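Chemist: Protein chains in written order, with our numbering: chain A, 93 to 568; chain B, 138 to 370.
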Amino acid sequence: MLHILRFELKQLLATRLFWWVGAILITSISFAVYNGKIAIEEKLHTIKELKEEQEQRYSNFKLDFDSLEAGTKKAQLSWFQDPRQALTVGMFRNSGKYAILEPKPLSLISTGQSDVEIFYTKVSYLSDIFQANNVNFENPFNIAAGQFDFAFVLIFLFPLLIIALTYNILSGEREQGTLPLLMSQPVQIRYWLMAKLTFRFSFLLLAVLLSLCLAFTVFQVDFLSTDFFKLLFAIGIYTFFWFALSFYINLLGKSSAMNTLLLLASWLLFVFLIPSMANMLATSIYPMPSRVELVNAKRQAEQDSERNKQAILTKFYQAHPSLVQKSEKEQTGQDFYREYVTLHEVIDEQVNKVQQSFDNQLEAQQSFANNFQYLSPAILMQNALNEIAETDSKYYKVFQKNAHAYQQNWKAFFKPKFINDEKITIKEFGQIPVYQSSISVDSNFSIQLLSLTLFSLLFTVLVFLQKSKNVNIISA
Amino acid sequence: MLNSKELSKEYGNFSALNSLTISVNAGDIYCLLGANGAGKSTTINLFLGFIQPTKGTVEINGLDVSQKATQTKEYIAYIPENLMLYPNLTGLENLAYFAGLAKKKYSKAQLVDFLNEAGLQAEAHQKRVSQYSKGMRQKVGIALALAKDAKALLLDEPTSGLDPQASNEFSNLLLKLKSRGVATLMATHDLFRAKQVATHIGIMKQGSLVKSFKADEVSLAELEKVYLETINT
Numbered sequence: 093m094l095h096i097l098r099f100e101l102k103q104l105l106a107t108r109l110f111w112w113v114g115a116i117l118i119t120s121i122s123f124a125v126y127n128g129k130i131a132i133e134e135k136l137h138t139i140k141e142l143k144e145e146q147e148q149r150y151s152n153f154k155l156d157f158d159s160l161e162a163g164t165k166k167a168q169l170s171w172f173q174d175p176r177q178a179l180t181v182g183m184f185r186n187s188g189k190y191a192i193l194e195p196k197p198l199s200l201i202s203t204g205q206s207d208v209e210i211f212y213t214k215v216s217y218l219s220d221i222f223q224a225n226n227v228n229f230e231n232p233f234n235i236a237a238g239q240f241d242f243a244f245v246l247i248f249l250f251p252l253l254i255i256a257l258t259y260n261i262l263s264g265e266r267e268q269g270t271l272p273l274l275m276s277q278p279v280q281i282r283y284w285l286m287a288k289l290t291f292r293f294s295f296l297l298l299a300v301l302l303s304l305c306l307a308f309t310v311f312q313v314d315f316l317s318t319d320f321f322k323l324l325f326a327i328g329i330y331t332f333f334w335f336a337l338s339f340y341i342n343l344l345g346k347s348s349a350m351n352t353l354l355l356l357a358s359w360l361l362f363v364f365l366i367p368s369m370a371n372m373l374a375t376s377i378y379p380m381p382s383r384v385e386l387v388n389a390k391r392q393a394e395q396d397s398e399r400n401k402q403a404i405l406t407k408f409y410q411a412h413p414s415l416v417q418k419s420e421k422e423q424t425g426q427d428f429y430r431e432y433v434t435l436h437e438v439i440d441e442q443v444n445k446v447q448q449s450f451d452n453q454l455e456a457q458q459s460f461a462n463n464f465q466y467l468s469p470a471i472l473m474q475n476a477l478n479e480i481a482e483t484d485s486k487y488y489k490v491f492q493k494n495a496h497a498y499q500q501n502w503k504a505f506f507k508p509k510f511i512n513d514e515k516i517t518i519k520e521f522g523q524i525p526v527y528q529s530s531i532s533v534d535s536n537f538s539i540q541l542l543s544l545t546l547f548s549l550l551f552t553v554l555v556f557l558q559k560s561k562n563v564n565i566i567s568a
Numbered sequence: 138m139l140n141s142k143e144l145s146k147e148y149g150n151f152s153a154l155n156s157l158t159i160s161v162n163a164g165d166i167y168c169l170l171g172a173n174g175a176g177k178s179t180t181i182n183l184f185l186g187f188i189q190p191t192k193g194t195v196e197i198n199g200l201d202v203s204q205k206a207t208q209t210k211e212y213i214a215y216i217p218e219n220l221m222l223y224p225n226l227t228g229l230e231n232l233a234y235f236a237g238l239a240k241k242k243y244s245k246a247q248l249v250d251f252l253n254e255a256g257l258q259a260e261a262h263q264k265r266v267s268q269y270s271k272g273m274r275q276k277v278g279i280a281l282a283l284a285k286d287a288k289a290l291l292l293d294e295p296t297s298g299l300d301p302q303a304s305n306e307f308s309n310l311l312l313k314l315k316s317r318g319v320a321t322l323m324a325t326h327d328l329f330r331a332k333q334v335a336t337h338i339g340i341m342k343q344g345s346l347v348k349s350f351k352a353d354e355v356s357l358a359e360l361e362k363v364y365l366e367t368i369n370t
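Below you can see the structure in the form of structure tokens.
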């Protein structure tokens, strides 16, 4: 084995293809990591600015609070600027704190859903946290074309390099005429082929890993973590799959041209056709819910609440006998907003029902499409990388859920204050809810890796079946 | 050393080889003559284990090729009509590679000795094989036979396309191996070389061995006459 490996190295070093493959890998991985790093840095920069801006706002509130308490600033502030008012620090435009989904250092390996999903939102009493605040638009062309990230290099480009280095290992020997001399030596062709593939597998895997480590080091990515070792494992299995496939196709004993055709057809099938079919079927069976319907439902809810305004408010005042409904002329600002919030909550309730059915349909579509991952190692690998990078849609769903829960906490904190027209104490000011950033998601990484391994084993079994079925195919 | 017994190979209804029984002992050179399609190359391929016989057995050094294909290859060296080597490696590297596959470990100096013994000029040893002529590649093949310490040599039209000088050098190498006790089975069209080197000659026609005799029993002219009579009847 060592002898074959040594000569394999010698032969590969003498071919241009070897150097081209190495150069393409290093360049593309470095570029992908650089791209990812830029995107992450942009996000981190945005997050830093948001935190600074939030800190500044609430520091100003605190300064005003202290001044007002000390009686030094009363004259300059109107009631809606008074930080002791729940409306000021809990509902008005200047209020609210950010819920932020912080990217991980390894998020750069796979863009996943991060270019279409929102990674932060400002939460206050009435903020429409995942609708109105969507200011984080990505260039639609980039979304359509896909990002040039490490996942793209590994899933799309890397198999092509594997194909380039393996398509003709056996057929090339036949075509250049060295096969008869080779076959007259006391070595099994299967063993010889395996040794050559093992060498090329090791070379490519090592090239990817070294390129990745080099790029991470150069671009100062903090990558040494459990996730990095999960990433290495996933890369190893994905690479093994393509080599197992190539081993099998080499053993079929076809010409180099036919091997290329079969390998490229497999690549096309696993990388493009199955994912495209999954998307097409998912969108046909579970059509995308209409956004217009959602907007119309919201308008309808607003009109309904306007029509039923008096009934809603009567109910509210019956539930709060200590409060008295005043005419529009008599109403203070606080009175107006109390009624505004009451009506808004009714609207929210109705809109949420439509929103829920909209979300359910989307979830059904995604869930249906996800089942197709078991038909394609490329989809499995993409999902596994998204899991490592935490850019999978489920992380964003949990983030949205957490942000909604945070908004509920926010409301629960401020509602009694402005319903009862109470002022916030200095102690309560320090207890304004803060978003807890932990995201807990059930990981499918192990299942995805297991499925990838099964794919690889399928072709490994086919390699052994090929031996017993067709011993002489090589010399035919 | 090389034995076949009732050896037959059929492809559907076509009989490529019909009940061939031959024996090539150590120090013998058995030349198989015959027109194209007579079954000479099929015989060689059966000895190499490249194809499986339909009937009969092939043995190398007492081992059945069908049963112990890999093991029997330890005893043989094979030179096809057009021996091809890895063009981006030198002659020396090619020899080292194939000798290594045959589980033979040699120093560079020993490999150089084999190439010298096979008659390859010293300046060619470190040249890439892409610059070699056919004769030079055949010499690497002989060097490999020497390196493998092969007990049997299987040759499939090895002098076809060689110039007379290269062909003569090749014949001399075969005689050198013969003197070392190597058993050689050679398929050839070249009556002159067959007469020059063979100890035994067999003439094949349509998959059957129709004539077999010792080489020293006939002159070159008689051999030609017998050959032509055999293939034309």
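Glycine included, C-beta positions come from ideal geometry on N, C-alpha and C. Keep in mind the model is a prediction, meaning the values are calculated, not measured.
Determine the burial state of ALA403 of chain A: buried for a count of at least 16 other Cβ atoms within 10 Å of its Cβ, exposed for fewer.
Modeler: Your numbering for residue 403 of chain A matches position 311 in the first sequence. It is exposed - the Cβ of ALA403 of chain A has fewer than 16 other Cβ atoms within 10 Å.
Chemist: Between which two residues does the alpha helix (DSSP H) carrying ALA261 of chain B extend?
Modeler: Along the second sequence, one-based indexing puts residue 261 of chain B at 124. Counting along the chain, ALA261 of chain B falls outside any alpha helix (DSSP H), and DSSP gives it neither H nor E.
Chemist: Taking LEU281 of chain B and ALA214 of chain B to be in contact with their CB atoms under 8 Å, please state how far apart those CB atoms are, rounded to whole angstroms.
Modeler: Position 144 of the second sequence, counted from the start, is the residue given in the question as residue 281 of chain B. Position 77 of the second sequence, counted from the start, is the residue given in the question as residue 214 of chain B. Contact holds; Cβ gap of about 6 Å.
Chemist: Measuring alpha carbon to alpha carbon, tell me which of B:LEU154, B:SER145 and B:ASN162 ends up nearest LEU291 of chain B.
Modeler: Looking up residue 291 of chain B in the second sequence gives position 154. Taking only the C-alpha atoms, the option nearest LEU291 of chain B is B:ASN162.
Chemist: I want to see whether chain A comes within less than 8 Å of LEU222 of chain B, judged by CB atoms only; does it?
Modeler: For the purposes of this step, residue 222 of chain B is taken as the residue at position 85 of the second sequence. It does; some Cβ of chain A falls within 8 Å.
Chemist: Can you find a CB in chain A that lies within less than 8 Å of the CB of MET138 of chain B?
Modeler: The sequence position of residue 138 of chain B within the second sequence is 1, counting from 1. Taking Cβ atoms only, chain A never reaches closer than 8 Å to MET138 of chain B, which makes this a no.
Chemist: Have a look at A:ALA287, A:LYS519 and A:ILE96 and flag the residue whose alpha-carbon is nearest the alpha-carbon of ALA400 of chain B.
Modeler: The question about residue 400 of chain B has no answer here: the residues shown for chain B are numbered 138 through 370.
Chemist: VAL202 of chain B: buried (16+ other C-beta within 10 angstroms of its C-beta) or exposed?
Modeler: Against the second sequence, residue 202 of chain B aligns to sequence position 65. The residue is buried, with at least 16 neighbouring Cβ atoms inside 10 Å.
Chemist: Quick one: which chain B residues come within Cβ less than 7 Å of GLY269 of chain A?
Modeler: Numbered from its first residue, the first sequence carries residue 269 of chain A at position 177. Simply ASN219 and MET221.
Chemist: Taking 8 Å as the CB-CB limit, is GLY176 of chain B close to chain A?
Modeler: Walking along the second sequence from the start, residue 176 of chain B turns up at place 39. No, GLY176 of chain B lies away from the interface with chain A (no Cβ there is under 8 Å from its Cβ).
Chemist: Output yes if chain B places a C-beta closer than 8 Å to the C-beta of SER263 of chain A; else output no.
Modeler: Numbered from its first residue, the first sequence carries residue 263 of chain A at position 171. SER263 of chain A does not count as touching chain B.
Chemist: DSSP on ASN140 of chain B, reduced to helix/strand/coil?
Modeler: Working through the second sequence from its first residue, we reach residue 140 of chain B at position 3. Here ASN140 of chain B sits in strand by DSSP.
Chemist: Excluding five sequence neighbours on each side, which residues of the same chain lie with their C-beta closer than 6 Å to the C-beta of LYS102 of chain A?
Modeler: The residue given as residue 102 of chain A occupies position 10 in the first sequence. Correct list: empty, nothing qualifies.
Chemist: Taking ALA320 of chain B as the query, report the chain A residues whose CB atoms sit under 9 Å from its CB, ordered along the chain.
Modeler: Here residue 320 of chain B corresponds to residue number 183 of the second sequence, with the count starting at 1. Chain A residues near ALA320 of chain B: none, gap ~15 Å exceeds 9 Å.
Chemist: Going by beta-carbon coordinates alone, are ALA476 of chain A and LEU541 of chain A separated by less than 8 Å?
Modeler: Within the first sequence, residue 476 of chain A is the residue found at index 384, counting from 1. Within the first sequence, residue 541 of chain A is the residue found at index 449, counting from 1. Against a cut-off of 8 Å, the Cβ pair of LEU541 of chain A and ALA476 of chain A comes out as a contact.
Chemist: Residues in its own chain within less than 6 Å of ALA393 of chain A by CB, not counting five upstream and five downstream?
Modeler: One-based indexing of the first sequence puts residue 393 of chain A at position 301. So the qualifying residues of the chain are ILE439, GLN442 and VAL443.
Chemist: Look at the alpha carbon of ASN226 of chain A and the alpha carbon of LEU94 of chain A, and state the distance between them as a whole number of angstroms.
Modeler: The sequence position of residue 226 of chain A within the first sequence is 134, counting from 1. The sequence position of residue 94 of chain A within the first sequence is 2, counting from 1. Residue placement at ASN226 of chain A cannot be trusted, given a pLDDT of 48 that sits under 50; the coordinates are not used to answer.
Chemist: Could you name the residues of chain B that THR290 of chain A contacts, counting a contact when the two beta carbons are closer than 8 Å?
Modeler: Position 198 of the first sequence, counted from the start, is the residue given in the question as residue 290 of chain A. The premise fails here: THR290 of chain A is roughly 16 Å from chain B at the closest Cβ pair, so nothing lies under 8 Å.
Chemist: Residues in the same chain with beta-carbon distance under 7 Å from VAL334 of chain B, minus the five sequence neighbours each way, listed in chain order, please.
Modeler: To locate residue 334 of chain B, count along the second sequence from 1; it is residue 197. Closer than 7 Å at the Cβ level, and outside the excluded window around VAL334 of chain B, lie ILE166, SER308, LEU311 and LEU312.
Chemist: DSSP state of ALA224 of chain A, grouped into three classes?
Modeler: For the purposes of this step, residue 224 of chain A is taken as the residue at position 132 of the first sequence. Confidence at ALA224 of chain A is low in this model, with a pLDDT of 45, below 50, so its placement is unreliable and no value can be given for it.
Chemist: For the stretch 100–118 of chain A, which residues have a CB atom closer than 8 Å to at least one CB atom of chain B, in sequence order?
Modeler: The stretch 100–118 of chain A vs chain B, Cβ under 8 Å: LYS102, GLN103, ALA106 and THR107.
Chemist: By Cβ distance below 8 Å, which residues in the same chain neighbour SER449 of chain A in space, the five residues on each side in sequence not counted?
Modeler: Stepping through the first sequence from its first residue, residue 449 of chain A is reached at position 357. Hits under 8 Å: PRO381.
Chemist: Mapping DSSP to helix, strand and coil, what is SER156 of chain B?
Modeler: Position 19 of the second sequence, counting from 1, holds the residue named residue 156 of chain B. If DSSP states are grouped into helix, strand and coil, SER156 of chain B belongs with the strands.
Chemist: From which residue to which residue does the beta strand (DSSP E) around LEU346 of chain B run?
Modeler: For the purposes of this step, residue 346 of chain B is identified with residue 209 of the second sequence, where counting begins at 1. Residues 345–351.
Chemist: Under 8 Å by Cβ, that's how I've got VAL113 of chain A and LEU257 of chain A pegged, so tell me the actual separation to the nearest angstrom.
Modeler: Sequence index remark: in the first sequence, residue 113 of chain A carries index 21 (1-based). Sequence index remark: in the first sequence, residue 257 of chain A carries index 165 (1-based). Sure, about 6 Å apart at Cβ, within 8 Å.
Chemist: Buried or exposed for LEU139 of chain B, going by 16 or more other Cβ atoms inside 10 Å?
Modeler: By 1-based counting over the second sequence, the position of residue 139 of chain B is 2. Classification for LEU139 of chain B: buried.
Chemist: Sort A:LYS493, A:MET183, A:MET372 and A:PHE506 by Cα distance to TYR212 of chain A and report the nearest one.
Modeler: Translated into the one-based positions of the first sequence, residue 212 of chain A becomes position 120. For the residues A:LYS493, A:MET183, A:MET372 and A:PHE506, the minimum Cα distance to TYR212 of chain A belongs to A:LYS493.
Chemist: Determine whether the beta carbon atoms of PHE315 of chain A and LEU198 of chain A lie at a separation below 8 Å.
Modeler: Here residue 315 of chain A is taken as the residue at index 223 of the first sequence, counted from 1. Here residue 198 of chain A is taken as the residue at index 106 of the first sequence, counted from 1. A contact, by the Cβ cut-off of 8 Å.
Chemist: Which residues share a DSSP beta bridge with LYS271 of chain B?
Modeler: Counted from its first residue, the second sequence places residue 271 of chain B at position 134. DSSP, once it has assigned bridges, lists no residue as partnering LYS271 of chain B.
Chemist: Does the beta-carbon of LEU155 of chain A have 16 or more other beta-carbons within 10 angstroms, so that it is buried, or is it exposed?
Modeler: Sequence index remark: in the first sequence, residue 155 of chain A carries index 63 (1-based). With fewer than 16 other Cβ atoms within 10 Å, it is exposed.
Chemist: Helix, strand or coil for LEU403 of chain B per DSSP?
Modeler: Residue 403 of chain B is absent from the model: chain B starts at 138 and stops at 370.
Chemist: Ignoring anything shorter than 4 residues, give me the alpha helix (DSSP H) runs that lie fully in the stretch 295–379 of chain A, in order along the chain.
Modeler: Correct list: 318–343, 348–359 and 366–377.
Chemist: Here's the rule I'm using: 16 or more other beta-carbon atoms within 10 Å means buried, otherwise exposed. How should ALA224 of chain A be labelled?
Modeler: On the first sequence, position 132 is the one that residue 224 of chain A refers to. Note that ALA224 of chain A scores a pLDDT of 45, beneath 50, so its modelled location is shaky; the value from the coordinates is reported in the next line. With fewer than 16 Cβ atoms within 10 Å of its Cβ, ALA224 of chain A is classed as exposed.
Chemist: Would a check of beta-carbon distances place ALA239 of chain B closer than 8 Å to chain A?
Modeler: On the second sequence, position 102 is the one that residue 239 of chain B refers to. At least one chain A Cβ lies under 8 Å of ALA239 of chain B.
Chemist: State the beta-bridge partners of LEU170 of chain B as determined by DSSP.
Modeler: The residue labelled residue 170 of chain B in the question sits at position 33 within the second sequence. According to DSSP, which records beta bridges pairwise, LEU170 of chain B is partnered with B:ILE340.
Chemist: Of all the CB atoms in chain C, is at least one closer than 8 Å to the CB of LEU226 of chain B?
Modeler: No chain C appears in the structure shown, which is made up of the protein chains A and B.
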